[in-house]
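If you read the sequence shown in our numbering, its first letter stands for residue -3, the second for the next number, and so on. Backbone N, C-alpha and C fix where the C-beta goes; we use that ideal spot for every residue, glycine too. Written below as structure tokens is the structure these notes are about.
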Amino acid sequence: MQIVTAAILERDGKVLIARRKKGEAMEGLWEFPGGKLEHEETPEACLARELHEEFGIEVSVGDFYCSSRFRYRHGEIDLKAYRAEIVSGEITLQVHDEIRWVRPEELLNFRLTEADIPVAHKLAKEVKSKR
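Shown next as structure tokens:
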């Protein structure tokens, strides 16, 4: 099973999602940015590395938020989502063709990757419970 990390980056009550560009695995689907854990790497270090590689930003990785497991045709992943904060840099796209800041309750209006859907549900549910 492959461990994959995902960042929950928040700004002004909105969450960042990114769409995989054409030619990438799962092209056209939206996701919480992150990536695959490398050998002897912590999930937090993985997330910081991936966000630097994919977006050119430095982040502070915060608390673990939740996990989600999903079996794709290419294999099973264990997605570990963490809250994170951008500390420096401007977002530049490498493996994505678009980003959006969306309210948590809008997340399920997007074609998310299967592993990201439970994370989106939890974020949306949190917002509803605060009202």
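For residue i, which residues in the same chain have their Cβ closer than 8 Å to its Cβ, ignoring the five residues on either side in sequence?
i, result
"Val0", "Gly30, Gly31, Lys32, Leu33, Ile73, Asp74, Leu75, Lys76 and Ala111"
"Arg65", "Met(-3), Glu72, Ile73, Asp74, Leu75 and Ala111"
"Val11", "Ile4, Leu5, Phe28, Trp97, Val98, Arg99, Pro100, Leu103 and Leu119"
For residue i, name the three-state secondary structure that DSSP assigns.
i, result
"Ile87", "coil"
"Ala3", "strand"
"Leu43", "helix"
"His35", "coil"
"Glu54", "strand"
Cα-Cα, which of the options is closest to residue i?
i, options, result
"Trp26", "Thr109, Pro114, Ala120 and Ala41", "Thr109"
"Gln90", "Gly19, Val83 and Gly9", "Gly19"
"Arg7", "Arg99, Asp59, Glu50 and Cys62", "Arg99"
"Arg69", "Ala21, Arg16 and Leu5", "Ala21"
"Ile82", "His48, Gly24 and Pro39", "His48"
Use the C-beta contact count for residue i: other C-beta atoms within 10 angstroms, 16 or more gives buried, fewer gives exposed.
i, result
"Val57", "buried"
For residue i, which residues of its own chain have a beta-carbon under 6 Å away from its beta-carbon, when the five flanking residues on both sides are left out?
i, result
"Lys118", "Cys62"
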